[in-house]
Amino acid sequence: MSASIIETAAIDDVETRIRAIESRPLPANIASLLATAAGEAGSRIAWNFFESGETETYEGLRQRVNGIAARLLALGIGKGTHVGVMLPNIPAMPLTWLALGTLGAVMVPVNTAYRQRELAYALNDSQARFVVLHEDFRPQLEAARAEHGVAIPPARTILVGTANRDEIGWHEIDGSPLDSFVPPEPVTHEDVLNIQYTSGTTGFPKGCVLTQKYWLVSGTSNAFRDGRIYERILASTPFFYMDPQWLLLMALLQRGTLFVARRQSTSRFTGWLREHRINFCLFPWVINKQLPREDDADNEIVRANVYGVPKALHAAIERRFGLTAREAFGMTETGPTLFMPIEATDMIGSGSCGRPAPFRECRVVDENGHAVAPGEIGELVVRGPGILSGYFGNADATRAAFFGEWFRTGDLFRQDERGYFSIIGRRKDMVRRSGENIAARELEAVLNALPEVAESAIVPVPDELRGEEVKALLILREGVEQTPDLLHSIISRCSTDLAAFKVPRYFAFRTNFPRTGSMKIAKHLLLAESENPLQGSYDRLLDRWHV
Numbered sequence: 000m001s002a003s004i005i006e007t008a009a010i011d012d013v014e015t016r017i018r019a020i021e022s023r024p025l026p027a028n029i030a031s032l033l034a035t036a037a038g039e040a041g042s043r044i045a046w047n048f049f050e051s052g053e054t055e056t057y058e059g060l061r062q063r064v065n066g067i068a069a070r071l072l073a074l075g076i077g078k079g080t081h082v083g084v085m086l087p088n089i090p091a092m093p094l095t096w097l098a099l100g101t102l103g104a105v106m107v108p109v110n111t112a113y114r115q116r117e118l119a120y121a122l123n124d125s126q127a128r129f130v131v132l133h134e135d136f137r138p139q140l141e142a143a144r145a146e147h148g149v150a151i152p153p154a155r156t157i158l159v160g161t162a163n164r165d166e167i168g169w170h171e172i173d174g175s176p177l178d179s180f181v182p183p184e185p186v187t188h189e190d191v192l193n194i195q196y197t198s199g200t201t202g203f204p205k206g207c208v209l210t211q212k213y214w215l216v217s218g219t220s221n222a223f224r225d226g227r228i229y230e231r232i233l234a235s236t237p238f239f240y241m242d243p244q245w246l247l248l249m250a251l252l253q254r255g256t257l258f259v260a261r262r263q264s265t266s267r268f269t270g271w272l273r274e275h276r277i278n279f280c281l282f283p284w285v286i287n288k289q290l291p292r293e294d295d296a297d298n299e300i301v302r303a304n305v306y307g308v309p310k311a312l313h314a315a316i317e318r319r320f321g322l323t324a325r326e327a328f329g330m331t332e333t334g335p336t337l338f339m340p341i342e343a344t345d346m347i348g349s350g351s352c353g354r355p356a357p358f359r360e361c362r363v364v365d366e367n368g369h370a371v372a373p374g375e376i377g378e379l380v381v382r383g384p385g386i387l388s389g390y391f392g393n394a395d396a397t398r399a400a401f402f403g404e405w406f407r408t409g410d411l412f413r414q415d416e417r418g419y420f421s422i423i424g425r426r427k428d429m430v431r432r433s434g435e436n437i438a439a440r441e442l443e444a445v446l447n448a449l450p451e452v453a454e455s456a457i458v459p460v461p462d463e464l465r466g467e468e469v470k471a472l473l474i475l476r477e478g479v480e481q482t483p484d485l486l487h488s489i490i491s492r493c494s495t496d497l498a499a500f501k502v503p504r505y506f507a508f509r510t511n512f513p514r515t516g517s518m519k520i521a522k523h524l525l526l527a528e529s530e531n532p533l534q535g536s537y538d539r540l541l542d543r544w545h546v
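Written out as structure tokens, the structure is:
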């Protein structure tokens with residue numbers, strides 16, 4: 000049998016599997032998924048926060064979630080209530096999410112790196128009425144109240160840690176498990192579960208309105224699209240991102256165990272794979288830069304998702320670490336969107352993100368929304384059940400994000416004759432640093448507000464470890480002298496107003512910017528000015544200028 004016939008048969012099997020997944024009924028809601036899973040796998044371990052040693056069985060999880068939901072309801076949190084949640088990777092984070100989902104309430108996850116300005120924006124913009132946070136972040140909340148108008152009082156603040164007298168301690172919330180709990184109002188697929196903030200081109204992040212269906216589709220798509228069993232799944236990125244949330248649902252659907260790290264660590268990652276006999280993970284390909292070890296391939300990985308791996312390294316990574324690594328593509332707005340089937344061994348090193356995931360249709364279109372021919376470059380658009388229903392409180396951004404029912408990703412793609420999609424670049428004005436989308440407009444707004452700065456431009460520069468780093472180009476106001484003290488003052492004020500991962504690493508000063516016909520800064524010309532984008536830049540981490 001020829002290779003082409005084998006490939007066609009394999010893809011036919013994938014398409015059959017996808018159609019079968021799409022035809023199966025989704026759980027009625029998040030609580031129904033947990034109840035069914037607990038009924039089938041009651042004594043099995045549902046999650047293992049292995050660095051703290053905290054585990055929970057399926058049945059124990061179900062009862063704890065019921066008890067927390069009842070306590071939250073007694074506090075006044077009901078269907079549709081918006082609750083900000085700023086917690087690290089501890090059990091309280093997913094427990095809160097599942098309990099809010101049981102009530103039909105809405106979680107607003109907050110990045111734990113946020114400073115008071117960013118925290119205030121998320122809470123105020125989302126109209127959060129309650130907040131759950133770790134005691135480590137109390138200073139940010141208190142400053143957000145005092146300086147940025149956050150109106151959530153201590154009486155509606157749930158503290159994980161040592162609560163003040165006027166706050167609610169987490170021990171009061173998670174201390175009375177219940178065998179049964181029925182929410183006062185029915186919870187459906189169309190009820191909102193998250194307002195998930197994601198950076199965009201309009202400066203501040205936008206709140207993606209994500210329903211229960213969004214999450215059930217995301218979990219189902221990832222759990223079954225390969226037709227494999229994943230008994231042990233690793234979540235090593237923060238729970239305020241979308242990934243650990245769908246990884247948890249994937250584990251529940253597989254009746255497996257989610258192993259949760261406190262934070263990502265490339266130096267300990269392969270040790271986690273070995274120690275916990277992980278079957279599925281999101282593999283940070285930069286691990287390949289570490290010195291080889293004899294036990295690199297000692298793991299039980301069935302599939303590892305990789306994102307943006309250099310083509311030339313893909314096959315070498317599979318050989319070195321003894322695993323099946325496949326590309327995938329998704330966004331906060333659309334959830335799992337493209338995936339490379341395990342069977343597509345001929346696509347290793349192709350750079351392709353794969354084919355549409357279950358529940359998703361994808362097209363490459365021109366600027367008017369019309370499909371382009373295979374091989375031509377255009378914008379990727381996506382449709383399907385459970386994608387975001389809009390940006391919270393931002394009708395203009397919601398309208399601009401769609402061609403009819405097709406969501407505009409803002410990413411440039413090409414589709415080949417066989418139906419595989421490959422990302423070419425971005426239309427969006429963002430820096431992609433270590434998986435974080437950093438909106439240039441937000442950073443420029445902070446810099447432009449400084450009295451010494453006349454104008455600024457944020458651009459990405461390549462970085463081997465993080466993919467891209469942030470570079471700030473500054474024009475000073477007339478009469479302002481460029482001095483070391485001024486530069487360090489600008490960096491200090493950025494550090495005050497921005498999460499650490501957003502603070503530019505590189506700074507350069509200019510007297511003018513190239514412009515478009517409409518007088519906007521021509522960033523494509525800035526990026527093309529020099530073969531060495533670091534030349535003439537100050538590196539704040541190394542405390543030196545690149546010459």
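In numbering that gives the first Met the number 0, the protein residues as written are 0 to 546.
The beta-carbon is built from N, C-alpha and C at its ideal position, and this holds for glycine as well.
Taking the CB atoms as reference points, tell me whether residue i and residue j lie closer together than 8 angstroms.
{"i": "residue 95", "j": "residue 131", "result": "yes"}
{"i": "residue 341", "j": "residue 318", "result": "no"}
{"i": "residue 475", "j": "residue 508", "result": "yes"}
{"i": "residue 524", "j": "residue 513", "result": "yes"}
{"i": "residue 469", "j": "residue 432", "result": "yes"}
{"i": "residue 133", "j": "residue 85", "result": "yes"}
{"i": "residue 410", "j": "residue 379", "result": "yes"}
{"i": "residue 60", "j": "residue 98", "result": "no"}
{"i": "residue 456", "j": "residue 443", "result": "yes"}
{"i": "residue 500", "j": "residue 27", "result": "no"}
{"i": "residue 277", "j": "residue 314", "result": "no"}
{"i": "residue 436", "j": "residue 236", "result": "no"}
{"i": "residue 377", "j": "residue 412", "result": "yes"}
Tell me which residues share the same chain as residue i and place their Cβ nearer than 6 angstroms to its Cβ, disregarding the 5 neighbours each side in the sequence.
{"i": "residue 110", "result": "239"}
{"i": "residue 25", "result": "215"}
{"i": "residue 328", "result": "336, 337 and 352"}
{"i": "residue 253", "result": "222 and 229"}
{"i": "residue 65", "result": "177 and 180"}
{"i": "residue 119", "result": "143, 147 and 149"}
{"i": "residue 218", "result": "245, 248, 249 and 252"}
I need the straight-line Cα distance from residue i to residue j, nearest angstrom please.
{"i": "residue 248", "j": "residue 124", "result": "27 angstroms"}
{"i": "residue 92", "j": "residue 68", "result": "13 angstroms"}
{"i": "residue 430", "j": "residue 183", "result": "44 angstroms"}
{"i": "residue 176", "j": "residue 30", "result": "15 angstroms"}
{"i": "residue 241", "j": "residue 332", "result": "10 angstroms"}
{"i": "residue 179", "j": "residue 34", "result": "10 angstroms"}
{"i": "residue 396", "j": "residue 105", "result": "21 angstroms"}
{"i": "residue 144", "j": "residue 542", "result": "35 angstroms"}
{"i": "residue 345", "j": "residue 357", "result": "21 angstroms"}
{"i": "residue 281", "j": "residue 510", "result": "44 angstroms"}
{"i": "residue 14", "j": "residue 23", "result": "15 angstroms"}
{"i": "residue 269", "j": "residue 250", "result": "20 angstroms"}
{"i": "residue 292", "j": "residue 320", "result": "10 angstroms"}
{"i": "residue 160", "j": "residue 169", "result": "7 angstroms"}
{"i": "residue 383", "j": "residue 545", "result": "48 angstroms"}
Under 8 angstroms between C-beta atoms, does residue i make it to chain C?
{"i": "residue 401", "result": "This model lacks chain C altogether, as it is built from one protein chain only."}
When burial is assigned at 16 or more other CB atoms within 10 Å of the CB, is residue i buried or exposed?
{"i": "residue 532", "result": "buried"}
{"i": "residue 256", "result": "buried"}
{"i": "residue 163", "result": "exposed"}
{"i": "residue 366", "result": "exposed"}
{"i": "residue 310", "result": "exposed"}
{"i": "residue 39", "result": "exposed"}
{"i": "residue 19", "result": "exposed"}
{"i": "residue 288", "result": "exposed"}
{"i": "residue 225", "result": "buried"}
{"i": "residue 447", "result": "exposed"}
{"i": "residue 423", "result": "exposed"}
{"i": "residue 534", "result": "exposed"}
{"i": "residue 362", "result": "buried"}
Within its chain, find whatever has a CB closer than 8 angstroms to the CB of residue i; leave out the 5 residues flanking it on each side and keep chain order.
{"i": "residue 548", "result": "Because the chain is modelled from 0 through 546, residue 548 falls outside the range shown and cannot be assessed."}
{"i": "residue 495", "result": "114"}
{"i": "residue 540", "result": "504"}
{"i": "residue 78", "result": "102, 103, 104, 182, 183, 184, 186 and 190"}
Can you give me the Cβ contacts of residue i inside the same chain, cut-off strictly under 7 angstroms, excluding the 5 residues immediately before and after it?
{"i": "residue 464", "result": "285"}
{"i": "residue 62", "result": "176, 177 and 178"}
Who are residue i's beta bridge partners in DSSP?
{"i": "residue 195", "result": "207"}
{"i": "residue 279", "result": "232 and 302"}
{"i": "residue 382", "result": "360"}
{"i": "residue 132", "result": "85 and 158"}
{"i": "residue 421", "result": "413"}
{"i": "residue 243", "result": "Paired residues: none, contrary to the question."}
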